[in-house]
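To start, the structure under review is shown below, and the notes come after it.
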Amino acid sequence: MDILGMLPSFGGFLSSALAFIVALSVIVAIHEYGHYIVGRWCGIHAEVFSLGFGPVLYSRIDKRGTHWQLAALPFGGYVKFMGDSDAASGKDGAAMTGLSDTERKRTMHGADLWRRAATVAAGPVFNFILSIFVFAGVFLFSGTTTDEAVIGKLKPLPGPVDMFQEGDRLLRVGDAEITSLEDFYVAARDAKATQTTSYEVERGGKAVSFDSVFPFPPVIDQLQPKSAAMDGGLEVGDVIQSVNGTPVFALREVQEAAQINKDKPLELLVWRNGEVLEKTLSPRQRDLPTADGFESRWLIGFSGGAFFEPTRETLGAGEAMWGGVLQTWFIARSSLSGMWYMVTGAISSCNIQGPIGIAQTSGDMASQGPAQFIWFIAVLSTAVGLLNLFPIPVLDGGHLVFHAYEAVVGRPPSEKALNRLMTGGLLLLLSLMVFALTNDFFCA
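FYI, in our numbering the residues of the sequence shown are -16 to 427.
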């Protein structure tokens, strides 16, 4: 066995596993803290707050009597409230027997209905809050692009990109007059893909004309996780110069080649920091959200943009927060839409990822830098919050359904019914996990 040959792959596995554990631990900690703190506000006593399962590595008891612990298996967590028999908040009949009315109010099974419901709902709500604040923080830090057609930072590219200077105001691209950044995008979309494009800019109060690179060159700005580009060794900043021996000058030419060739290998010449490399990779079919639903496309797995960074302006705290809300809502809505399309067979069920797939995605995002990884944590937090609201017994959504039943009927479901529903919910959840894990092995 070639042990040395396995080391790079093994190192990639370890980095993916570590990134996954970090992401999951942050999300679980926030989720469980939501249960804990709202329960505490509602007067429900938490006996145990555990991050992880299995053997306890570290623990302490605070002044309220809550046992805080870090366990060996970092794949979840739980809060065990007073009166619970287990981490799933099953009722401990023996522990509840003999409690006074005041003591029963401090349990998860004797508190007022609204207090119990608020405590249960707080976990997913805190996941959404985490996502909103992370997205808002990113928007606040990075700002937003202005609509001014002004050259910001130039990307390092082969060709005469150095004809431009930061601060140049675009006046013309090809035959199109430019008055705004939107005009530039339209001109770039409509321009014929050629090695050079004619430009006119305002510089120092004077109009300057010259030829330079195509407005949207085939440069990699961001890699998609679990993509052909990521697995094929492409990197951010790479410029694709030819596909199957044919020179390409525009990003859309690479996209069109992927669509035409489908899963057939593509031979790429890639410019990277002055060096030309040869790469071979095969596009992969992916289902992408659109305004009307989803569409299936063959993709290499990277996104690009203009040859320059547009100028940016800072956002106010309110604008950034609203942007965080809208981004969280978009992810939740797209997730629900995707699930519906999978159920109806409109898109592939391979879009469901298991722990291995999520771990690989975590590693891929972490490899692109802290900003991408933090954004991924926010996306995953929204997904976790949404999943926990599904009306499946053992999940928070299932408990909320039980509380709604109690509110309507005037009493909770019987112990026998609860036990059967919880068992059924657990089996359903395990089945979904096995299905997702199977996708990790058999879906490309």
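Using N, Cα and C, we set each Cβ at its ideal position, and we do this for glycine too. This structure is a prediction, so every number in the text was calculated from the model and none was measured.
Between the options, which has its C-alpha nearest residue i's C-alpha?
i	options	result
Leu383	Arg99, Gly26, Asp75, Ala289	Arg99
Trp310	Leu372, Ala366, Gly346, Ile243	The amino acid occupying residue 310 in the given sequence is Gln; Trp does not appear at that position. The shortest Cα separation from Gln310 among Leu372, Ala366, Gly346, Ile243 belongs to Ala366.
Ile339	Ser350, Leu410, Cys426, Phe356	Cys426
Ser364	Arg394, Gly59, Ile10, Gly76	Ile10
Pro374	Arg394, Leu412, Gly142	Leu412
Arg155	Pro198, Ala387, Gly93	Pro198
Met213	Thr90, Gly346, Arg172, Gly299	Gly346
Asp84	Asp95, Pro107, Lys74	Asp95
Gln178	Tyr41, His14, Val308, Leu234	Leu234
Could you check where the beta strand (DSSP E) with residue i kicks off and where it finishes?
i	result
Ile223	222 to 226
Ile134	134 to 137
Arg87	It is not in any beta strand (DSSP E) - Arg87 instead sits in the alpha helix (DSSP H) that spans 84 to 87.
Ala54	50 to 64
Pro293	291 to 293
If we ignore side chains and look at the alpha-carbon of each, how far apart do residue i and residue j end up?
i	j	result
Ile335	Ser414	13 Å
Leu82	Pro376	27 Å
Thr461	Ala0	Since the first and last residues shown for the chain are -16 and 427, residue 461 lies out of range.
Phe111	Thr229	47 Å
Val144	Gln224	15 Å
Asp151	Ser192	11 Å
Ile4	Gln52	17 Å
Val103	Tyr19	9 Å
Leu113	Ser125	18 Å
Leu282	Val202	15 Å
Asp221	Cys25	54 Å
Ala174	Pro293	19 Å
Asp379	Leu260	51 Å
Val326	Ser320	10 Å
Gly17	Thr297	31 Å
Identify the continuous alpha helix (DSSP H) that holds residue i and give its terminal residues.
i	result
Pro38	No alpha helix (DSSP H) holds Pro38; the beta strand (DSSP E) holding it covers 29 to 44.
Glu236	234 to 244
Phe356	353 to 371
Ala101	96 to 125
Glu302	300 to 326
Arg431	For the chain, the structure presents residues -16 to 427; residue 431 sits outside this window and is missing.
Got a sec? Which residues, its chain only, sit under 6 Å from residue i by beta carbon, not counting five neighbours each side?
i	result
Ala54	Ser33, Gly35, Phe36, Gly37, Val39
Phe277	Asp270, Tyr324, Ile330
Thr263	Pro248, Glu250
Gly288	Asp204
Ala240	Val226
Phe291	Ile134, Gly135, Leu137
Arg295	Gly126, Thr128
Below 7 Å CB to CB, which residues in the same chain sit around residue i once its five sequence neighbours on both sides are set aside?
i	result
Ala303	Ala119, Phe122, Leu123
Can you find the residues in the same chain that come closer than 8 Å, C-beta to C-beta, to residue i, ignoring five residues on each side of it along the sequence?
i	result
Val432	With the chain represented from -16 up to 427, any question about residue 432 goes unanswered, as that position is not in the structure.
Validate contact between the region 63 to 71 and the region 12 to 31 using beta carbons, cut 8 Å, 3 pairs: yes
For the region 403 to 413 and the region 343 to 360, state whether three or more C-beta atom pairs, one from each stretch, are separated by less than 8 Å. Contact between the region 403 to 413 and the region 343 to 360 is absent, because fewer than three Cβ pairs lie under 8 Å.
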